[in-house]
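Take UniProt numbering: the last position of the sequence shown gets the number 624, and nothing is skipped along the way.
Backbone N, C-alpha and C define an ideal beta-carbon position, used for all residues, glycine too.
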Amino acid sequence: MSDDARDYEELGLVAGLEIHQQLDTETKLFCESPTELREPEEATHTITRELHPTRSELGELDEAAMEESRVDRTFEYLAYDTTCLVEEDDEPPARIDEEALSVAMGIADLLDADVVDQGHVMRKLVIDGSNTSGFQRSMLLAQHGEIETDDGSVGIVDVMLEEESAQRVEETEEGVRYSLDRLGIPLVEIGTAPDIRTPEQAYEAAEHIGMLLRSTGSVKRGLGTIRQDVNVSIEEGARVEIKGVQALGDIRDIVAGEVDRQAELLDIREELAARDAAVGEVEDVAQVFEDTDSGVIRGALDSGGEVFAVPLYGFDGLVGRELQPDRRLGTELSDHAKRAGAGGIFHTDELPAYGVTAEEVEALKAAVDAGENDAVALVAADAGVAEQAIEAAADRARTAIEGVPEETRGANDDGTTRYLRPLPGAARMYPETDVPPVEPDPSEVETPELLTDRVERYAAEMGLDEGLAEQVAFGRRMVLFEEAVEAGVDPTFAASTLESTLTELSREGVDVDAIRDDALLGTLLLVEDGELPKEGVNPVLTALAEDPELTPEEAMDEAGVGGVSEDEVREAVQEVVERNAAQVEEQGMGAFSALMGECMGALRGQAGGDLVSETLREEIQKRA
Numbered sequence: 001m002s003d004d005a006r007d008y009e010e011l012g013l014v015a016g017l018e019i020h021q022q023l024d025t026e027t028k029l030f031c032e033s034p035t036e037l038r039e040p041e042e043a044t045h046t047i048t049r050e051l052h053p054t055r056s057e058l059g060e061l062d063e064a065a066m067e068e069s070r071v072d073r074t075f076e077y078l079a080y081d082t083t084c085l086v087e088e089d090d091e092p093p094a095r096i097d098e099e100a101l102s103v104a105m106g107i108a109d110l111l112d113a114d115v116v117d118q119g120h121v122m123r124k125l126v127i128d129g130s131n132t133s134g135f136q137r138s139m140l141l142a143q144h145g146e147i148e149t150d151d152g153s154v155g156i157v158d159v160m161l162e163e164e165s166a167q168r169v170e171e172t173e174e175g176v177r178y179s180l181d182r183l184g185i186p187l188v189e190i191g192t193a194p195d196i197r198t199p200e201q202a203y204e205a206a207e208h209i210g211m212l213l214r215s216t217g218s219v220k221r222g223l224g225t226i227r228q229d230v231n232v233s234i235e236e237g238a239r240v241e242i243k244g245v246q247a248l249g250d251i252r253d254i255v256a257g258e259v260d261r262q263a264e265l266l267d268i269r270e271e272l273a274a275r276d277a278a279v280g281e282v283e284d285v286a287q288v289f290e291d292t293d294s295g296v297i298r299g300a301l302d303s304g305g306e307v308f309a310v311p312l313y314g315f316d317g318l319v320g321r322e323l324q325p326d327r328r329l330g331t332e333l334s335d336h337a338k339r340a341g342a343g344g345i346f347h348t349d350e351l352p353a354y355g356v357t358a359e360e361v362e363a364l365k366a367a368v369d370a371g372e373n374d375a376v377a378l379v380a381a382d383a384g385v386a387e388q389a390i391e392a393a394a395d396r397a398r399t400a401i402e403g404v405p406e407e408t409r410g411a412n413d414d415g416t417t418r419y420l421r422p423l424p425g426a427a428r429m430y431p432e433t434d435v436p437p438v439e440p441d442p443s444e445v446e447t448p449e450l451l452t453d454r455v456e457r458y459a460a461e462m463g464l465d466e467g468l469a470e471q472v473a474f475g476r477r478m479v480l481f482e483e484a485v486e487a488g489v490d491p492t493f494a495a496s497t498l499e500s501t502l503t504e505l506s507r508e509g510v511d512v513d514a515i516r517d518d519a520l521l522g523t524l525l526l527v528e529d530g531e532l533p534k535e536g537v538n539p540v541l542t543a544l545a546e547d548p549e550l551t552p553e554e555a556m557d558e559a560g561v562g563g564v565s566e567d568e569v570r571e572a573v574q575e576v577v578e579r580n581a582a583q584v585e586e587q588g589m590g591a592f593s594a595l596m597g598e599c600m601g602a603l604r605g606q607a608g609g610d611l612v613s614e615t616l617r618e619e620i621q622k623r624a
């Protein structure tokens with residue numbers, strides 16, 4: 001259903017955000033490793049771990065961790081010459097990084113949040129393999145902030161400073177392979193109050209927080225460096241946490257889609273109540289499919305697998321009911337079965353199909369005592385997996401009778417979501433004993449300038465037009481622009497090079513992201529010092545992209561630009577004028593335009609246009 005068709009106030013929409021942003025610091029949060037990402041093939045060695053849930057100080061086990069532990073997996077980690085024993089969990093963490101602490105306090109200041117008097121690092125139980133230790137270190141830094149949106153203020157509940165998780169590389173036969181390059185990069189997590197009432201307000205709040213984060217000039221940019229989680233509920237629904245919304249523009253669709261899903265689940269609950277629905281007992285139904293032509297079921301049985309089914313009394317027609325585009329109640333049951341290790345489920349709202357005949361459907365219903373108004377779900381999988389998977393699907397069917405379950409879901413690229421795990425509880429947190437408390441002093445931190453204010457300053461003080469000022473202020477190279485201007489580079493030239501020129505080269509297929517910031521700054525300074533003509537910037541940047549190890553001076557030699565003296569320029573211009581002596585004598589300065597292009601061609605971009613133009617005017621005037 002479209003946004004316009006939903007009355008979010010009537011539905012009682014309540015939403016909040018959790019924004020996770022990597023900080024662009026020199027080193028990681030608890031060690032001296034650099035915060036750079038590597039390619040998996042650059043790994044120098046690997047380590048393996050098997051993780052298990054542990055009890056909290058109160059003796060409690062976290063439900064989300066318990067569900068993760070039911071999947072038997074080994075985790076492999078890629079290590080590099082830029083990672084250390086702390087990431088491998090073979091050495092205690094160092095004290096918290098001062099640069100990260102300072103940047104995080106600046107973010108808290110922009111959010112109008114109160115920094116705590118003393119910060120204590122906590123361990124948050126995580127056994128999905130994303131941390132070698134089985135937990136993530138996290139510290140509450142600030143509370144009680146606020147931002148403004150067009151639909152009212154949104155409270156900031158907390159600002160956390162924590163370590164980023166390991167980067168998932170691929171699934172393996174034994175489990176999952178992770179990369180340790182990302183593990184430990186400083187990360188701020190910003191949690192809002194449940195003050196958001198529409199998808200549009202959720203988008204606006206996330207956009208505003210993103211602008212504040214970029215205003216520090218100390219956050220990483222690019223895909224995966226910022227993630228938005230959204231908590232959504234409606235009246236009579238339940239709080240659902242949606243993880244991993246990568247693109248800001250997806251937030252509207254994610255919130256609206258979750259509202260649709262919960263509203264549909266509530267409608268299904270009402271219908272199930274009217275039908276006095278119930279979930280039956282799991283049954284072994286392999287005998288029904290002894291002669292089946294279904295590829296999935298036949299494959300499971302032939303490899304020694306099993307087929308289990310559960311009757312869903314009163315569910316006929318509802319298992320196939322759409323909750324979100326191309327996602328049905330049956331998809332929800334299937335997600336739970338997949339978490340138990342199966343490939344998915346079949347259900348009678350979609351059968352006969354997939355090689356299952358109408359006769360087999362009737363026999364299946366008879367085997368589990370299902371009637372005309374009932375549905376049946378079944379799983380065909382390896383021995384030991386099939387029964388566990390159908391039990392998981394049956395549990396999810398029981399919660400459909402109750403309404404909307406509280407859970408953690410993952411964001412899909414199409415704006416829909418999928419089940420991940422139960423909501424975590426307080427039992428996953430306990431104190432970190434290896435890192436001493438810190439006493440943050442926000443008075444030592446200068447309030448970052450907002451990007452919106454930068455745009456005005458760039459226009460007023462540096463003479464940039466408004467469009468270019470906004471491009472460079474909100475662009476990923478804003479800090480480099482400031483450094484260039486501070487070093488004496490003309491602001492307009494610096495801004496246009498870093499925004500327009502690099503964009504043009506990228507469109508031509510040049511890998512501009514490979515160019516080091518110090519090389520970009522060096523190239524701008526060469527132009528400012530008169531050693532490189534502006535016409536030579538593009539070939540130099542192209543050479544730097546092709547070989548990032550080059551210095552700007554070496555790139556000039558590689559590209560064959562620059563290094564021409566004024567005497568050499570005059571000699572080249574004189575040769576052009578001499579070849580066109582008749583035209584110069586006849587047209588005088590009217591020949592300038594035609595000869596200018598010829599001069600620039602003769603110099604092959606090794607001299608600036610201003611110098612060539614001035615020299616050509618002088619030589620023409622001598623003959624006029």
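DSSP three-state call for residue i: helix, strand or coil?
i: Tyr80; result: coil
i: Asn580; result: coil
i: Leu550; result: coil
i: His120; result: coil
i: Ala65; result: Bear in mind that a pLDDT of 46 at Ala65, under 50, signals an unreliable position, so the number given afterwards is only what the model happens to contain. The answer is helix: DSSP assigns Ala65 an H, G or I state.
i: Tyr354; result: coil
i: Ala337; result: helix
i: Ile185; result: coil
i: Arg409; result: strand
i: Ala142; result: strand
i: Thr172; result: coil
i: Leu420; result: strand
i: Val455; result: helix
i: Glu204; result: helix
i: Pro431; result: strand
i: Leu450; result: coil
Could you check the C-alpha separation between residue i and residue j for me, to the nearest Å?
i: Leu364; j: Glu204; result: 51 Å
i: Leu125; j: Thr27; result: 24 Å
i: Gln246; j: Ala206; result: 12 Å
i: Ser233; j: Gln324; result: 16 Å
i: Ala469; j: Thr497; result: 13 Å
i: Ala411; j: Val259; result: 14 Å
i: Gly488; j: Tyr458; result: 15 Å
i: Val86; j: Ala370; result: 57 Å
i: Pro442; j: Asp109; result: 8 Å
i: Gln621; j: Pro548; result: 45 Å
i: Ser69; j: Glu36; result: The predicted model places Ser69 with a pLDDT of 48, which falls under 50 and marks its position as unreliable; any figure quoted below should be read in that light. The straight-line gap from Cα to Cα measures roughly 31 Å.
i: Arg6; j: Ile185; result: 41 Å
i: Gly237; j: Asn231; result: 12 Å
i: Leu524; j: Gly560; result: 17 Å
i: Glu528; j: Pro422; result: 59 Å
i: Gly249; j: Gly415; result: 10 Å
i: Asp335; j: Arg418; result: 7 Å
i: Ala392; j: Ala337; result: 6 Å
Among the options, whose alpha-carbon lies nearest the alpha-carbon of residue i?
i: Glu39; options: Pro199, Arg182, Ile209; result: Arg182
i: Val157; options: Asp195, Asp128, Leu187, Ser130; result: Asp195
i: Ala256; options: Glu200, Leu213, Ile268, Gln574; result: Glu200
i: Val279; options: Arg261, Arg396, Gln262, Val188; result: Arg396
i: Asp112; options: Glu148, Pro422, Ala340; result: Glu148
i: Arg221; options: Gln587, Met478, Cys599; result: Met478
i: residue 625; options: Arg321, Val116, Glu162; result: With the chain represented from 1 up to 624, any question about residue 625 goes unanswered, as that position is not in the structure.
i: His144; options: Ala193, Phe346, Gly119; result: Ala193
i: Arg252; options: Pro431, Thr198, Val296, Ile209; result: Thr198
i: Thr433; options: Met139, Glu528, Leu450; result: Met139
i: Glu571; options: Lys534, Glu618, Gly341; result: Glu618
i: residue 665; options: Arg239, Ala394, Ile254; result: Since the first residue of the chain shown is 1 and the last is 624, residue 665 is not available in this structure.
i: Glu360; options: Leu378, Thr216, Asn373; result: Leu378
i: Ser133; options: Gln118, Leu101, Ala166, Val116; result: Ala166
i: Gly217; options: Met589, Leu616, Val472, Ser613; result: Val472
Would you say residue i lies against chain B (beta-carbon separation less than 8 Å)?
i: Thr416; result: Among the chains in the structure shown there is no chain B, since it carries only a single protein chain.
Check: Would you call the segment 534 to 548 and the segment 577 to 585 touching, i.e. three or more CB-CB distances under 8 Å?
Finding: The segment 534 to 548 is not in contact with the segment 577 to 585.
Next item on the list: Return the chain-ordered ranges of every alpha helix (DSSP H) run that is complete within the segment 244 to 329 and spans a minimum of 4 residues.
Entry: 250 to 274, 295 to 302
Item checked: Contact the segment 169 to 185 vs the segment 8 to 20: 3+ CB pairs below 8 Å -> no
Note to self: As an exercise, report each continuous alpha helix (DSSP H) stretch of at least 4 residues that is fully enclosed by the UniProt domain "Asn/Gln amidotransferase" (479 to 620), in chain order.
What the structure shows: Counting whole runs of 4 or more residues, the UniProt domain "Asn/Gln amidotransferase" (479 to 620) contains the alpha helix (DSSP H) stretches 491 to 496, 502 to 507, 517 to 528, 537 to 546, 552 to 559, 566 to 579, 581 to 587, 592 to 603.
Next item on the list: Please confirm if the segment 274 to 290 is in contact with the segment 303 to 323, defined as three or more CB-CB distances below 8 Å between the two stretches.
Entry: Cβ pair count under 8 Å is three or more, so yes.
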